[in-house]
Each structure stands twice: as structure tokens, then as C-alpha cells.
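The next block holds one structure in the form of C-alpha cells; read it before the comments.
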Amino acid sequence: MKDISTSIPKMDADDKISGRALYVDDYPFDDLYHAKTLRSTKAKAKIKNIHIPELPDDYFVVDKFDVPHSNVVKMIFEDWPVFANDIVNYIGEPILLICGRDKTIIDSILNQIIVEYEDLEPTFHYVKSVIHKGFVKGDLNQAFQEAIHLIEYTYETGYQEQAYIEPQGFVAYLEDENKVTLIGSMQCPYYVKNAVIDTLGCKEDEVRVIQPAVGGAFGGKEEFPSVMACQLAVAVKKIKHPIKMIYEREEDMLVTTKRHPSKIILKASIDMLNHITGIKAHVSLDSGAYIGLSGVVLSRAMIAVTDAYTINHLDVTGDVYETNTVPNGAFRGFGAPQMIFAIEMFMNHIAKKLKVNPLQFRLEHLAHQGDLTSTSGVFRDPIIMKPMIEKAMEISGYQEKYQKNEQNNNFKGIGMSWFLHGCGFTGSGESKHIHAKVKLRKDEHDHIYLLVAAVDMGQGAKTSLSKIVAQTLELPMSDVSFDYPDTDFITDSGPTVASRTTMIVGGLLARAAQQMKDTWKPHEEMVVTMNYEQPDYIVWDEDTLRGDAYPAYSWGVNIVEVEVSPITYQVTIKNIWSVYDIGKAIDEKMALGQADGGISQGVAYGYLEVMEHKQGKIRQKNMTDYIIPTSVDMANTKTVIMDNPYALGPYGAKGIGELTLVGGAPAVALAIEQAIKREVHQIPATPEYIMELMNHDID
Amino acid sequence: MTLIKFKLNGIDCEIESDPSLRLLDVLRNHFKLTGPKEGCGEGECGACAVLLDGKIVNSCITPLANVHMKEVTTIEGYRETNKYQVLKEAMEFENGFQCGICTPGMMIAAESLLSKNPHPTEEEVRIGISGNLCRCTGYNMIVKAVLRASKKGEGIW
């Protein structure tokens, strides 16, 4: 049998390259209405009155009074209104929709609406904690008491915008009097379906969700699409006419979820052998006006505290702070990029403070198989970080370049990050909340259909999941079909998030395919379903955050080489090298594609992508002022994937999507640090920040 | 209202319309050509790119008036050519696309580059497609695809 990693053409190549693939805005509909949103212009205020002009025929207002059942968008933490209640909590909060045939008339109606507000005092800082979490490992007090040194640093990270090229959008229509159908750009058809059922208070078979081609998501289309879908479902129920709501870029940037800004304080106790005995950590996340997924993002950030290292004593706390800003949410990495940046900088900063070799210092703390994780779970599977690090240093010439740059003031730097990423949902997410189920169907012509909710948003899920099934059944790819999910025909295999699609959904499909093969009845229709079962040895206590936070971990090494202009402090990325352990690549080229895209976003998070708000108003509102890398900004990449098959993954595969992002920022920040001979404590490390650092003397 | 005459994907067209309409809207709404996409609406991302007399323009910031008596080629027209076939095979081979939303525009950018410079260096490719944003691939596989097409399509550009 062929090695599964051997690349095959992607199933959607023809459609996407030729422009035939239909995204939500491309679906042909006759006589659509459009919807646009009236939004709060205040960061916090009481709505006293809304004056709506007389509406022309066939133009409608849709607001909270039209919501049949629940005016809260059902997601993990249910506090996010479908339409604003009496108090608006951020600039851009949706108050109502105007729907009708002509967009210019809708705009003119929106312009005539007057909202009377009574201003309330907004909060923009880390003061109002709405979620607090903590966990301990070992005995940190004792470690701190016995310490020779205590070293503390604070790290801060900014917003990051997903900047998918296709803005968010939905079309909704009634299939019959009671049934609402929604077509939209999303990662999680069942999140959308369940949220709409809850908002409408309707039966399960009265909502149908169809996924078209999705033009990029990166977490940005995890929970936010539920907000749009609920609004549009309410509108279509009221107006009974097909309605389309596609955001323009500016609206998308101002009101959709972003990566949480963070502040992370780390304090380490060091013994006489210059070894870290313990770390006290506190993570602050800015959730924006509503909590949404922020609590889960916080968990992932906190659990990543020791990164790829083993530290015996820990006291880790974290808070989600509510502010009067646009709600933050899922973004590839989900809390880990903030923490991995902080801990990687911290390890290097401690080494410098102790005047020891950073590489040696980090190697001495590297995690090994059998060690306890930060949450006192066990790293059960082999860890191959040592050979991965050696490989990365070999292909990049790291040691030589590092030494040379250390001795020169040439404004050149090379930085290396090590990292891990827990695959799948944190803690008991898979077993207690998601209950993933997959279905495989075979028709009487022996053609196979994958009936799962996994969304191909570019990562290649269509091809990779089909490939797993085809390979297991020993069938050609042409005998396997995987249409875009339509909740009327599939089962809920869970959301397309958390680096779980290949490992969890792919794993279930491999088992389903094996069962189909074992019971194969030629020329007969067959259906096989398979439910997720957590391995017995995975134990997790959600209250104390103790146990195995993840069933498996993927690992990585990034090395980034930069040059900084001594005049403008502009950073140029010269080269990028990566080595990953993703268990086993289901398709080598697709894995390399994930690697390239992930590191591009991760590195840009570290030095390029700036988003800020002023008194709650996001200042970057389009692609002109929110800068993402162009082909000229991105450097050449060289990526090596090292096999380390995971027993429970399909063909040994673990997660990949997020892993490739989380190490980018510390690698580039460490490279900049070496180039400018100053410590970097915040990202993005912009020319302005570098100038500030350069204006200070070296410690 | 003005009568605008132009050639669209090789066919002579006339449209009686507001000349200040965005070409993108005319293509998508009137001619039902949904290959060009709206990513940013301000000429920054290139997802809406089309060829205007063989050169790349962003149709979201091109008024309809600008195409009068000119030739517009969208991905729908371009995909009928041999050059497209070479470029498409290279994009497929190198996995030069992921979510696909930037891909039609990227193909137009590649064509615009190769028609001017059939043998670009890597740096020239990077500059040539730098007006088209892609958030998925980090560009390297697209760059490789254009270089591969330039080699495989020797003599056709």
C-alpha cells in the first residue's frame, strides 16, 4: 500500500482554480432582499429611544422584539445578545437590521435613524474580571522559599485579526413555512444550527444549515457566524423572503471577533544549578464586551504555561476581563500563541539574566516522555524534540549564525522557538460536550459518501478525510465523495476547530471505514456510524484543571532570521525554517501548505500586524491599514516533517493546523532581540516599539 | 445612463448603465460572472482582479466607464485558454491554493506577469503577485507554481 503521506491532487482544485467554486455571495438567487445592521456608536450607553423614519413598502426593521425565543446567541458562555438589549456595551454592537431589496435605500434608512443614548462609563482596562481560573502543580511555595533567584517578567500581546479574504456572510430563506435554511461562511455548521434553534425556539428539523465554499476562517468563523445566522433567521421568519447579509470589509473588521490581547506575568524560582524549580504565572485576557469563548481560550493559554518544557512546581492563575470593546474570540492557536510567546521570551530572558547559554538552559528543561504536563497529566507518547531541534539547527546553520550575530552589531538576528500544541478540545470537551459522530454511506454502486460536518475552509479537509477513507477501504479517490456539509444529510462530527479534524474526525472515519471493509457487502447499500470514545486513561478534572488536558500533543521548532534597518527599524524576514512532529502527515504537500500559512500568520503576529482601539473604536478598518504579509514580505520557508506516529490517530496523524502558527511570534521576536541587542517584551515588535527600545541603554 | 461598449471574455457587449458603477458589480450582478470576488472593496487585496486589455486591474475600483471600447477578461474567459491550463496544472501540482477565494485573482495576476515577462525570477514573481493578498498559503507555493508554469509553458507566453 502507498504511504499515505504521498501527495495527491486536492479534490477541489478544478473548482477553486477556475473560479467555479460557489462561496456564499456567489449563490444564484432571484429577487433577494439584503440586510444591513444598525450598530452602536457608543462604547457603553443606555438606549433611551430609537427614532425610525417611515419605511417605504417592503422595507423592514428587525430587532430584539422580533426574536421568538431567546435573544442570546448560544455558544459556550451564553451572554452575547442577538440584538442589543437596553444597554449597548461596545462600539459596533448590533441593534437592529434593516431589510429590503435595494442596498442604497437601506443605507439611506440607516442614515435617517436616530438613536438617543444616555452615556455610561466604559471600561477599557484589565479591571473587571468575569472569569477566574487557577491550577497548581507540586508545591510552588516551597520552591520559591528555597530559590536562589526569583526572576519576574511581564509580556504583552496585541490584537490579531484573522483577515480571511472572504468577509463573513449568510443567505437565509424559508424552505416551507416553518423551515429556515441558512447558507453561510462558517467553520461549524452545528454551532450555527443549534444557536438558531435556540433563538427561534423551534424544532431541530426546522433549521437547515448548508456550507458553501469558505474563503478562509482561521477561527474567525467559529462562533461569530452564529451571531449573523441568528439575526438573519429572525429576519427571514418575520419577512418570509430570502435575505442576504454579506459584510463589507470595514464592517467585518470592526465587529467580528479577534485574537485576545493579553498580559502575562511570569515569575520563576531558580536553584543553585541554574535550574527553574517553579513558575508562578498570571494571564490576563481582554474578552471585550461579551465572554463568548474567552473562558476556554484562557484555559488553553494557562495550560500552555510550560510550553515544551517540564517545570515541577506551578501556580497558574488567569482572568478574563470584560471591557467595552468588540468581543474577542477564536483565532488559530486559541490562547496558546500569547502564552508561547511569553514563555519562550521568558526562558531566554532568564538565561541572559543568569548569564548562561540560552540554548543549553532551554535544553536542560525540555520535556521528556513520561514527564508530568503543566496540569499534572502525563506525556505518554514519545517526544522527539531533541532530534527535531538538531535538524532545525542543521538546516538553518543556527549555531554559526547565532554566534556571528552575537558578536556583531550588524542588525541581523536569528531566533528559535520550541513549542507544542494540544490536539483536540481542551479537557473533557470531546467526551462531555462534543460527542462527535461520523457516518459513512455506501450506495449500491459501491460509491462511498462521507457524511460529516467537517468544513473545508482551505486546509484541505475534503481531500485529507476522503484520502483516509479511500486508503482504508483500498479504493481509488474517485470512488469517494465528500460534499460540503448540509445538516439535513450529515451527522454532527463536531466543529472544525482545535486541530481536531484530522485526528478526531479522521480517526473516527478510519475506524468507520475499517468496519465497512470488514463487513463489506458488494453492491448493497451500507451505512456505518462511529461515535467518539475517550480513552479510559485520559482523566480530567474540570474544576481543578488537573489531569490530561489533551489526548495528544504535536510539537514544533521554528527558526526565523531577520534583518532590522538601523535607520527605520523596519524588520525584514530573511528566512524561515521549521521542523514539526504531527504524528504522520496525511498528505505531505497539504501539511507543508498548513506549515507555510501558519508560520506566515504567526511571524506576522510577532512583528507586523497592528490592531488597536481608541476609546473602544477599532482604528484599523480595512486591508490598507491592517497590514498582513504580501508575497514580498514573506520569506522562503524550509519545512521538515518528522514522523512520530500517534497510536490513536488515523495512520498515526495528530493535529497540525494551529501548531504551525503558535511558534512564529517568539521566533521572530527573539531574532529581532538579537538584531537590536535589546529585550523584546511585547508584540507586535513594530518599528515604533523598536525605536523606543533603542532609545534606552542596554541593561 | 450611458451606453458602454466593451469586449467581455472575447464577446462584444453593450450595457446601458450608470458609468460610475463598479466594474466588479457589473460583472457579478449583470453578467453573472462570480469568479472575481470582493475581498476588500478598495483595491487592496486583488481578489476581484481582471485583465483590462491584458493588464491586471482591480475591478472593485474600476468604474464601468473605464472599460469603454476595451477588452475585459475575467477568470471565466481566461480558463478557456491554453495558458490557463498550464498555470492551473502548476497551481494544482504545487498546492498553490487553499481556501480558493484569492485564487481567480491570483491566476489573473500570474497571467498579467507572465504575458509581460515569460521567464520571471523568483523575486519578480513575488513582486508580480504582491498586489494580491492570500491569507492561507504564505505565498511560497503560489510562487513555485508561477515559476513552474513559466518553465512548463515555454513558448506560450
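Read top to bottom, the protein sequences are chains Y and H.
The numbering of the first sequence is this note's numbering, which starts it at 1 and goes up by one.
The numbering of the second sequence is this note's numbering, which starts it at 700 and goes up by one.
For every residue, glycine included, the Cβ atom is placed at its ideal position computed from N, Cα and C.
Being a predicted model, the structure only gives us computed values, none of them experimental.
Minimum C-alpha distance to residue i - residue among the options
i: A667 of chain Y; options: Y:T310, Y:W577 and Y:T41; result: Y:W577
i: E322 of chain Y; options: Y:G494, Y:P122 and Y:T501; result: Y:P122
i: I291 of chain Y; options: Y:P327, Y:M302, Y:I279 and Y:H282; result: Y:P327
i: H349 of chain Y; options: Y:D14, Y:E679, Y:I264 and Y:V236; result: Y:E679
i: R332 of chain Y; options: Y:Q601, Y:M691, Y:K638 and Y:G652; result: Y:Q601
i: N765 of chain H; options: H:I826, H:G837 and H:S719; result: H:S719
i: K614 of chain Y; options: Y:F124, Y:A671, Y:D198 and Y:D271; result: Y:F124
i: A604 of chain Y; options: Y:K589, Y:K638 and Y:V662; result: Y:V662
i: P167 of chain Y; options: Y:D63, Y:M253 and Y:I641; result: Y:M253
i: G506 of chain Y; options: Y:K654, Y:M477, Y:K432 and Y:L200; result: Y:K654
i: A281 of chain Y; options: Y:D14, Y:G134 and Y:N410; result: Y:G134
i: T256 of chain Y; options: Y:V227, Y:Q682, Y:H275 and Y:K237; result: Y:V227
i: N71 of chain Y; options: Y:A195, Y:P684, Y:D119 and Y:H313; result: Y:A195
i: T37 of chain Y; options: Y:A143, Y:M503 and Y:E248; result: Y:E248
i: D26 of chain Y; options: Y:D139, Y:G649 and Y:V214; result: Y:V214
i: S5 of chain Y; options: Y:K48, Y:H445 and Y:I641; result: Y:I641
i: P337 of chain Y; options: Y:V356, Y:V283, Y:P358 and Y:M385; result: Y:V283
i: C801 of chain H; options: Y:P476, Y:P566, Y:R20 and Y:E612; result: Y:R20
i: A647 of chain Y; options: Y:D381, Y:Y126 and Y:D63; result: Y:D381
i: Q160 of chain Y; options: Y:P261, Y:P68 and Y:E78; result: Y:P261
i: K754 of chain H; options: H:A808, H:M840 and H:N708; result: H:A808
Straight-line Cα distance separating residue j from residue i
i: S108 of chain Y; j: I599 of chain Y; result: 43 Å
i: V527 of chain Y; j: R778 of chain H; result: 39 Å
i: Y117 of chain Y; j: E175 of chain Y; result: 39 Å
i: E821 of chain H; j: Y838 of chain H; result: 12 Å
i: R825 of chain H; j: S18 of chain Y; result: 22 Å
i: A147 of chain Y; j: F379 of chain Y; result: 27 Å
i: A470 of chain Y; j: S185 of chain Y; result: 28 Å
i: V82 of chain Y; j: E156 of chain Y; result: 32 Å
i: E400 of chain Y; j: D479 of chain Y; result: 52 Å
i: K798 of chain H; j: A498 of chain Y; result: Reading the sequence as shown, one finds Cys at residue 798 of chain H and not Lys. Rounded to whole angstroms, C798 of chain H to A498 of chain Y spans 18 Å at the Cα level.
i: E810 of chain H; j: R847 of chain H; result: 13 Å
i: K704 of chain H; j: I710 of chain H; result: 11 Å
i: I12 of chain Y; j: D483 of chain Y; result: A quick correction: the sequence has Asp, not Ile, at residue 12 of chain Y. If you take the alpha carbons of D12 of chain Y and D483 of chain Y, they lie about 10 Å apart.
i: A235 of chain Y; j: E612 of chain Y; result: 33 Å
6 Å Cβ shell around residue i - same chain, five flanking residues per side excluded
i: Y402 of chain Y; result: I414
i: A392 of chain Y; result: V557, I559, W577 and V579
i: S361 of chain Y; result: In the sequence under discussion, the amino acid at residue 361 of chain Y is Phe, which differs from the Ser named in the question. Here the set comprises A351.
i: R727 of chain H; result: T733
i: L659 of chain Y; result: H421, S554 and G556
i: F170 of chain Y; result: L182, G184, M228, A229, L232 and M245
i: G804 of chain H; result: G745, A746, A748 and N831
i: I389 of chain Y; result: V557
i: G494 of chain Y; result: I434 and A436
Beta-carbon proximity check, residue i vs residue j, cutoff 9 Å
i: G852 of chain H; j: P819 of chain H; result: no
i: P189 of chain Y; j: A552 of chain Y; result: no
i: I704 of chain Y; j: K353 of chain Y; result: Because chain Y in this structure spans residues 1 to 699, residue 704 of chain Y falls outside the shown range and cannot be described.
i: V305 of chain Y; j: I279 of chain Y; result: yes
i: Y607 of chain Y; j: I573 of chain Y; result: yes
i: K442 of chain Y; j: E525 of chain Y; result: yes
i: G377 of chain Y; j: V539 of chain Y; result: yes
i: D286 of chain Y; j: T325 of chain Y; result: yes
i: A512 of chain Y; j: K439 of chain Y; result: yes
i: I114 of chain Y; j: V61 of chain Y; result: no
i: F792 of chain H; j: T836 of chain H; result: no
i: H313 of chain Y; j: L140 of chain Y; result: yes
Spatial neighbours of residue i in its chain, beta-carbon cut-off 7 Å, leaving aside the 5 residues before and after
i: A367 of chain Y; result: A308, Y309, T310, F379 and I383
i: I855 of chain H; result: N781, K782 and V785
i: S428 of chain Y; result: W540 and E542
i: I760 of chain H; result: E741 and G742
i: P566 of chain Y; result: F411
Beta-carbon proximity list for residue i, same chain, < 8 Å, skipping 5 on both sides
i: N636 of chain Y; result: N575 and I576
i: F29 of chain Y; result: V171, Y173, P242 and K244
i: S716 of chain H; result: M700, T701, I703, V725, H729 and L763
Any 3 or more C-beta pairs closer than 8 Å across the region 207-218 of chain Y and the region 247-267 of chain Y: With the rule of 3 Cβ pairs closer than 8 Å, the region 207-218 of chain Y does not count as touching the region 247-267 of chain Y.
Cβ pair count under 8 Å reaching 3, the region 332-343 of chain Y against the region 457-465 of chain Y: No, the region 332-343 of chain Y does not touch the region 457-465 of chain Y.
The region 633-648 of chain Y / the region 580-599 of chain Y touching (three or more Cβ pairs under 8 Å): Verdict: yes, contact present.
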